[in-house]
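Here the structure is laid out as structure tokens; the discussion comes afterwards.
Protein chains in written order, with the working numbering: chain A, 1188 to 1553; chain B, 12 to 516.
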């Protein structure tokens, strides 16, 4: 992407009273418009993907009929057709689930990367997903013993996802803990949880192991209208909170010392962002299992296009995260007759795409 | 941002997290239950265990449709009289008189939680063909509703339901089998179902809601009806998945399969047809009932003559051949289960004057008592060594020469027997007869199971000895309307030798 040239507006040549200012404002607006345009293009792409995703399946529905059904749902009109039922009951929960997962994980990943000033930071590398995965595995292993019935898995996943976050928070509370140390702590917790998960899986019978395995690779199959409100609430409130924190994260991009000169309590902001990110990530992966790469790739790609301003980065990452997740879900159902778990596809697509963009990118975005 | 603001945000986020978990738990708890609305059909009797021993309903041959107040096999004027008699001292409400209601819930024909004069009228309307929706006992899942239509398109899931579907579809021009799971593609069904109209909807455990929806759209001039078992194991909660199909969940091997057949047939075309007109599914089901009970009652008569001290005890191991598609090595104790009570076999053993050893010691689960052998071993005592007969499961391989022909895999059977011998060596007396028997012919042809079991448990009984299994099998084919289209031989689909396969040393 072509970068705007601000060099001609150096103070020595700047005409602060005439056409120079107008041109400066115009150029800035143009630059900002291009960033917004990026978000709009991705959003349009997401709308098209929505039609493709909801139109796919063994029950045939035409592309335009999909939008008609969705519109009917929005205005609260049910024509009683099988099409409407298939769209509203069987397919939309999965689509909405994919959008929520993409938005939530991308927002969490973007905020985490900005906060820790590290492109590797995301809910997976900080151990949150691994914690959730271990919690789910433990719940499956204990079965009826935990006495929470079918939602024991979700509750355990959520609670255990908060453990790596708590460890990082404790480290963050230590005054000499750098962002890099926090990442490394997260990775070490991730390894511990991964090892425990593997151990428990070895002791399980085949059926439980299959259920736990499904968890480790992530799936949207279990997303239903009954659990979506919780996911949406967590992702929406968390994302709004992160958006609210964007200006502080922007200040922290200039370094902790710079942020402190602006009167920002860096340590507190870091803890607060970590708490929000943990809850958002835990709230999502506790329903879907580990869906990797979205939280890392989406913000990183957006950073290349919209820069490091978190006020644009977080919403654009959310839209791109949603589009990537929906696209991965389409691929997971379309490639072969047997459905491939979405976690496999996000990694399979996200990995090479990420590598390509990183190698192609010459701009220093960090 | 000051510390006060930070604390406020942390608290808000924590509250959201806790509220999210609480809301999720509450939403998942709210899965039906008693509805206070007293409109007809609004009341779902979900939490009553229809299989509690005190009712013993699983043992009864009956029509499991609400309104069948006297628990016999039809809905007629006797039921109207029964309900009027029950409410002579006043209405019986689930809320106010729970115990009494629980005993008499079959009288609550309109399923609104109160037994009153409206139910007597509702039953009379069922007899006169004036009701549009009727209520029945779903297998292990409370009360379900069904709205009959002129045209019915059946989609049986699992072979045991397919067998009932074949009888119903062959009996009526208004009923057609249009789909089913992959089990229906087995040889047995090739001559029983018109495959030109058949669409596979997936495997038994992965039935496609989208394919069911496609069938609903294709056959919109009538009911698409999925015939299957309990929601725990078959098409879980598909009623809520917007397929526009109706789901009939009824008994097949979990008790008397005849109860399931009668219930399904009545729901499809029994309203206004109590007498069972010819050319209707309900009429054919009543004919089947008469035939079926003639053999059951004959065996019961002979079984009742066996003295308590002469009753033979039976073990019914079942080795799961695969778990998640992976072969389990023969004799693997983790996959060796025993079939217990609340199953058709338990009834058949009891009918034939035998004792299912497991009945005394097993633990209940959703189907009564079926549990793993290693758990069972810890519960065995000296008195349990009285086992006389073991029914060994078969492991089929298609022999490929005749339609539906199958043979057993001798290697797997031997491995299974070795496993059983090892597991029970400390408890089982010598000279135990081991018979090879299939568990596969479940559903309405289980009558053949009953006869085979009777022949083992009543070896010196001349009446039982006189039962000709080939002849009875052909009668069965005739009743399900398959005698002209099928050359299925009994020996090809049902494997059990009358002589012991082996005697344990």
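Even glycine gets a Cβ: it sits at the ideal position worked out from N, Cα and C.
Since we're looking at a predicted model, the values are computed, not measured.
Annotated three-state conformation of residue 260 of chain B is strand, per DSSP. Chain A places no beta carbon closer than 8 Å to that of residue 104 of chain B, leaving this residue out of the contacts. In summary, residue 79 of chain B is buried, with 16 or more beta-carbon neighbours lying within 10 Å of its beta-carbon over all protein chains present. In this structure, residue 122 of chain B places its C-beta atom within 8 Å of the C-beta atom of residue 154 of chain B.
Non-local C-beta neighbours of residue 140 of chain B in its own chain, meaning closer than 6 Å and more than five positions away in sequence, comprise 282, 283, ordered along the chain. Put simply, the CB of residue 1244 of chain A is near chain B, with a gap under 8 Å to one of its CB atoms.
Against chain A, the beta carbon of residue 221 of chain B has neighbours under 7 Å at 1244, 1245, 1246, 1273, 1277, listed in chain order. Excluding its 5 nearest sequence neighbours in each direction, residue 1443 of chain A has C-beta neighbours in its own chain below 8 Å: 1453, listed in chain order. In this structure residue 1373 of chain A is not in contact with residue 1324 of chain A, their Cβ atoms being roughly 19 Å apart against a cut-off of 8 Å.
Burial is judged here by how many other beta carbons sit within 10 angstroms of a residue's own beta carbon; residue 288 of chain B has fewer than 16 and is exposed. As far as DSSP is concerned, residue 213 of chain B takes part in no beta bridge. Counting the other CB atoms within 10 Å of its CB gives residue 1281 of chain A a total of 16 or more, which places it among the buried residues. Under a 10 Å Cβ-count criterion, residue 313 of chain B is classified as buried, with 16 or more other Cβ atoms of the shown protein chains found around its own Cβ. Uninterrupted alpha helix (DSSP H) stretches at least 4 residues long and entirely within the region 1409-1484 of chain A occur at 1415-1431, 1433-1440, 1443-1448, 1453-1475, given in chain order. For residue 444 of chain B, there is no enclosing alpha helix (DSSP H); the residue is found in the beta strand (DSSP E) stretching over 443-448. Judged by DSSP in its simplified three-state form, residue 235 of chain B adopts strand. Residue 261 of chain B and residue 271 of chain B have their C-alpha atoms spaced approximately 5 Å apart.
When the alpha-carbon of residue 1350 of chain A is set against those of A:1285, A:1269, A:1468, the nearest one is in A:1468. In this chain, the alpha helix (DSSP H) harbouring residue 1502 of chain A covers 1497-1521. Rounded to the nearest angstrom, the gap between the Cα atoms of residue 187 of chain B and residue 355 of chain B is 28 Å. If you draw a straight line from the Cα of residue 178 of chain B to the Cα of residue 1246 of chain A, it is about 29 Å long. Using a C-beta cut-off of 8 Å, the region 1498-1506 of chain A makes no contact with the region 1380-1391 of chain A, since fewer than three inter-stretch Cβ pairs fall below that distance.
Taking a C-beta cut-off of 8 Å against chain A, none of the residues of the region 152-171 of chain B qualify.
One alpha carbon belongs to residue 1413 of chain A, the other to residue 124 of chain B, and they sit about 27 Å apart. A distance below 8 Å separates the beta carbons of residue 1320 of chain A and residue 1477 of chain A. The DSSP assignment places 1366-1389, 1393-1404 as complete runs of the alpha helix (DSSP H) inside the region 1350-1410 of chain A, in order along the chain (cut-off: 4 residues).
If the five residues before and after residue 1503 of chain A are omitted, its C-beta is found closer than 8 Å to the C-beta atoms of 1222, 1225, 1226, 1229, 1489, 1492, 1493, all from its own chain and listed in chain order. By the CB criterion at 8 Å, residue 1404 of chain A and residue 1531 of chain A fall inside the cutoff.
By the Cβ rule, the region 243-258 of chain B counts as touching the region 212-227 of chain B, because three or more pairs are nearer than 8 Å. In this structure, the beta-carbon distance from residue 1527 of chain A to residue 1285 of chain A does not fall below 8 Å. In the structure shown, the three-state DSSP call for residue 1537 of chain A is helix.
The contact set of residue 225 of chain B on chain A, defined by CB atoms closer than 7 Å, consists of 1245, 1246 in chain order.
Here residue 264 of chain B is buried, its C-beta having at least 16 other C-beta atoms within 10 Å. Contact between residue 172 of chain B and residue 76 of chain B is absent: CB atoms are separated by about 17 Å, not below the 8 Å threshold. Contact between the region 98-107 of chain B and the region 296-306 of chain B is absent: fewer than 3 CB-CB pairs across the two stretches fall below 8 Å. Taking 8 Å as the upper bound on Cβ-Cβ separation, chain A lies near residues 252, 253, 254, 255 of the region 252-271 of chain B.
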